[in-house]
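Asks: If you count the sequence shown from 1, position 310 lands on 744 in this note's numbering, and the numbers rise without skipping. Note that CB positions come from ideal geometry on N, CA and C, so glycine has one too. This one's a predicted model, so the numbers in the text were calculated from it and none came from an experiment.
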Amino acid sequence: MATQQRQGACSWLASIVAAVAVPIGAWAQAPAEAPTAATATKRPKICLVLSGGGARGAAHVGVIKVLEEYRVPIHCVAGTSMGALVGGAFASGMTVPEMEKVTDDITVEKLFKERPPRQDLSMRRKADDYRNYVGPEIGTGADAAVLTKGLVTGVQLETVLRKLSRVQGYVRFDDLPIQYRAVATDLVTGKAVVFSEGDLANVMRASMSVPGAVAPAEYAGMTLVDGMLTSNLPVDAARAMGADIVIAVNVGTPLLKREQLNSILGVANQMLSILTEQNVQASLASLKSTDILISPDLGDYSTGDFDNLAKITPLGEVAARKVADQLAQLSMPPAEYAALRQRQRVGTVPDIKPVDEIRFSQLTRVNPATAQAVMETTVGAPLVQSQLDADMRRLYGTGDFEHVNYRILDEPGKRVLVVDAVEKAWGPNYLRAGIGLSSDFSGSARFNVIASHRMTWLNPLGAELRSDVQLGFNNALRIEFYQPLDVRGRYFIAPRLAIGEDQVDLYRGDERIAIYDIASRNAGLDVGVQFDQYGELRLGVLGGTVIPKLSTGSLVLPSDEKFAQGGISIRLRMDQLDSANFPRAGWATELGVYSSMTDLGADDPYTKWRLGATGAYSFGEDTVQVSLAAGGKIGSNPLPAYDQFEWGGFLRQSGFATGQLVGARLQYGQLAYYHRLVRGGLFDGAFGGVSLEAGQYGQPLVQGNPSGFQKSLALFIGSDSAVGPVYFGYGKAASGPGTFYFHLGRPL
């Protein structure tokens, strides 16, 4: 590696990948006759220089297509950011069908959603999805609160980059099918870094780490960001490779106009563009009369126009054809060019040789044995690319790392898989906050503020102390000390404490007749087992008190009477939904049984069971979801008034008020259909749907309250937004009035 150069043009993460999603095209039909200059005995060394530019980089694809058409031999490639990605795929010998196969499945959504597929998360991280946290996770160290280094870490991006590279592992870039260089910027020194060797995917990742958007890449002891800051059009890198002729493609973003500088984001983008434009102009000034400059006219397309890649690509073709006469002077005879391209497309055999050691570098808090237990790749087994990528996503999904990557080292006598797992600089303690709001526009509104604090890795087995606070309609403080019993975390114990006060509205028919505040204090101890990312089983013992207190209305239940609790519980949770808010695939179920026992201090002996299940299946943009819920007593002892089922409300027997149906027996089924109206970028998008609901309710707490078989219908639109899921709907019960609903956060 040698350090040099400068850079320019804002390259936005998802555009990086999206630009490649447009086919590079065939090498086919070229001019019938090759010019005399192209048949000279000694041919010039031609280097293709590709600039950064985000989604505008799709034009690179169009340019390459025309170069193939005119049979222009490319002997070396230098690129920055988006140009490094397209150039790296091209230089490593990837064919057009291969690139299409990889990129057909690429979406902006997949790149920006840093977590692995939800099905692969641990159950503890999945549980967070059912609470409406807003904003980033904040580190709460001893010195000060710390935020993340970028909006995304690039973990998902690296998976894509490895698929786009035909060459895996550490290589000299002079040994690639086409000589290659990529440019990044050293964030510490402010100088350009021109890579001439390394792991190709990692180098491309470093070259496109847009400051503030993508977390810097830690590579070879350097902290690297996007090469646009120092050399966005790396002509000098091409000269250093011995280029006689440079074909430079500049797709950088022009400076914003005065009227566009109306926000902090606009000003920040302009600052980056100014830095970029300065080094681009210096590169342009270094071009010789024999060089070729291609500057596609990309109009108002921005670095973030990921949905218009198919429209941007042909603009690269148009620009390249404007210099067709110059390209024709470089054309090779058909047979000679075909032979060259055949050599440059020589297939590489996947490196599947087993490793003798899996090594984690620079871990100070996380137990390496625990981290390795997350992986499916093992010592002595053949390496599988897709499995390694999944391992990296699962490691990142544990919540302990700000970045994960891997590399292969061949040391004397052994082969080592090195996992570069960078622990969160803002850890190991974390704070998250959120809100929840619901209203039925008829006087019933609920608002809660929530916060969660986690202290992680309190010992080598990964003990965690978690505190959750909720204030508003329902008040609660819950503290749990979670202690794994082995390095894999399969078995655990979890002592816990909970203090709460819940408001319960009691109805007679559609009239609210009383409001009770149910105060509770309890402590418990759970022992359990984790079924990897699939589920969790807990067996626990609990003791405490419940005190119902009449807040307003008629005296329906005893007020200010203390009821002692004591019993054992068992709870099984399985969760393989792809989304907690708008699932499009997967399933989840929960079964719980609580046995209140006088031998453990309870005033009321009874046994209560509850079951819930959800499954979703999608075809295209349409989804069908089926949900079931049921509960009741086991044995002859009735459920006490303070521990009955609350049901009713939006998507839980719509048309009724939230919690209107209170009773000792519950049977409920829902069939929902929703259509994705708008695809999201960072989020799932917007949906519109209908819900058909039916329930059977027995032994209502308040005589005269609805019981027996109930039917409901709901219409709704919803969106997974930056502040959590948002729903607006209308529900109509067959036996009651219709009601409008609004929810910020998951329906209660």
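Considering only C-alpha positions, which residue in the set Asp1009, Ser1141, Glu1055, Ile1002 is nearest to Tyr1040?
Replies: Nearest of Asp1009, Ser1141, Glu1055, Ile1002 to Tyr1040, Cα basis: Ile1002.
Asks: Name the DSSP bridge partner or partners of Phe794?
Replies: Beta-bridge pairing links Phe794 to Val853.
Asks: Tell me the rounded alpha-carbon separation between Thr747 and Ser526.
Replies: Answer to the nearest angstrom: the Cα atoms are 21 Å apart.
Asks: Is it the case that the region 1091-1099 contacts the region 1127-1134, given that we only count it when at least three CB pairs across the two stretches are under 8 Å?
Replies: Counting Cβ pairs under 8 Å, three or more are found: they touch.
Asks: Using the rule of at least 16 other Cβ atoms within 10 Å of the residue's Cβ for burial, across every protein chain shown, is Gln796 buried or exposed?
Replies: Exposed is the call here.
Asks: Report the residue from Gln806, Glu898, Ala815 whose alpha carbon sits nearest the alpha carbon of Asp790.
Replies: Of Gln806, Glu898, Ala815, the residue nearest in Cα terms is Ala815.
Asks: Given Gly1026, which residues of its chain have a CB within under 6 Å of its CB, disregarding the five upstream and five downstream residues?
Replies: Within the same chain, Gly1026 has close Cβ partners Arg1005, Arg1044.
Asks: Using 8 Å as the threshold, is the C-beta distance between Gly977 and Asp960 below it?
Replies: Taking 8 Å as the Cβ cut-off, Gly977 and Asp960 do not qualify as a contacting pair.
Asks: Would you list the one or two residues that DSSP bridges to Gly906?
Replies: Note: Gly906 sits in a beta bridge opposite Asn882.
Asks: Under DSSP, the alpha helix (DSSP H) around Pro748 begins and ends at which residues?
Replies: Here the alpha helix (DSSP H) through Pro748 covers 743-755.
Asks: Just the Cα atoms here: how many angstroms apart are Gly847 and Asp759?
Replies: Looking at the two C-alpha atoms, the distance is approximately 56 Å.
Asks: With a threshold of 16 other CB atoms inside 10 Å of the CB of Ile726, please say whether the residue is buried or exposed.
Replies: The residue is buried, with at least 16 neighbouring Cβ atoms inside 10 Å.
Asks: Compare the C-beta of Leu774 against all C-beta atoms of chain D and say whether one is closer than 8 Å.
Replies: Within the model displayed, chain D is absent; a lone protein chain is all it includes.
Asks: Val813: which of Ile947, Asn801, Arg793 sits nearest, CA to CA?
Replies: Out of Ile947, Asn801, Arg793, Arg793 has the C-alpha closest to the C-alpha of Val813.
Asks: Could you tell me the alpha carbon to alpha carbon distance between Met642 and Asp620, rounded to whole angstroms?
Replies: Each residue's Cα considered, the two are about 12 Å apart.
Asks: With DSSP as the reference, identify every bridge partner of Glu914, one or two as the case may be.
Replies: Arg900, Arg930, per the DSSP bridge assignment.
Asks: Report the rounded CA-to-CA distance for Asp874 versus Phe1084, giving the unit in angstroms.
Replies: For Asp874 and Phe1084, the distance between alpha carbons rounds to 9 Å.
Asks: Which residue marks the beginning of the beta strand (DSSP E) containing Leu658, and which one marks its end?
Replies: Segment 656-660, the beta strand (DSSP E) holding Leu658.
Asks: Using CA coordinates, which residue listed in Thr623, Ala626, Pro645, Val617 is at the minimum distance from Asn636?
Replies: Measuring from the Cα of Asn636, the nearest candidate turns out to be Val617.
Asks: Under the three-state reduction of DSSP, which class applies to Glu810: helix, strand or coil?
Replies: Glu810 falls in the coil class under three-state DSSP.
Asks: Going straight from the alpha carbon of Val752 to that of Pro730, what length do you get?
Replies: Cα to Cα, the separation comes out at about 7 Å.
Asks: Report the partner residues of Thr619 according to the DSSP bridge assignment.
Replies: Thr619 is bridged to Ala626, Val659.
Asks: When you compare each of Leu663, Leu721, Tyr735, Lys625 to Thr711 by their alpha carbons, which one comes out closest?
Replies: The amino acid at residue 711 is misidentified as Thr; the sequence shows Glu. Considering only alpha carbons, the answer is Leu663.
Asks: At which residues does the beta strand (DSSP E) containing Glu631 begin and terminate?
Replies: Segment 631-633, the beta strand (DSSP E) holding Glu631.
Asks: What is the DSSP secondary structure of Ile498, counted as helix, strand or coil?
Replies: Residue state, collapsed to three classes: helix.
Asks: Please return the same chain residues whose Cβ sits closer than 6 Å to the Cβ of Pro982, not counting the five positions on each side in sequence.
Replies: Excluding positions up to five away in sequence, the list reads Tyr950, Ile952, Leu991, Tyr1076.
Asks: Within its chain, find whatever has a CB closer than 6 Å to the CB of Thr473; leave out the 5 residues flanking it on each side and keep chain order.
Replies: Residue placement at Thr473 is poorly supported in this model, since its pLDDT is 41, which falls under 50; the coordinates are not used for a value here.
Asks: Since Leu1062 contacts Ala1050 with CB under 8 Å, what's their CB separation in whole angstroms?
Replies: Contact doesn't hold; Cβ gap of about 13 Å is too wide.
Asks: According to DSSP, what are the bridge partners of Met1008?
Replies: Met1008 pairs with Gly969, Thr1023.
Asks: My understanding is that Gly1172 touches Gly1165, with C-beta atoms under 8 Å, so please give their C-beta distance in whole angstroms.
Replies: 7 Å between Cβ atoms; contact.
Asks: According to DSSP, Met675 sits in a beta bridge with which residue or residues?
Replies: Per DSSP, none; premise fails for Met675.
Asks: Between which two residues does the alpha helix (DSSP H) harbouring Asp562 extend?
Replies: Start and end: 557-562.
Asks: Identify the continuous alpha helix (DSSP H) that holds Phe524 and give its terminal residues.
Replies: Here the alpha helix (DSSP H) through Phe524 covers 516-525.
Asks: Per DSSP, which residues does Lys722 bridge with? Please list them.
Replies: DSSP, once it has assigned bridges, lists no residue as partnering Lys722.
Asks: Is the CB-CB distance between Val800 and Glu857 below 8 Å?
Replies: Their beta carbons are under 8 Å apart, which means Val800 touches Glu857 by this criterion.
Asks: Is it buried or exposed for Thr986, if we count other Cβ within 10 angstroms and need 16 for buried?
Replies: Per the 10 Å Cβ criterion, exposed.
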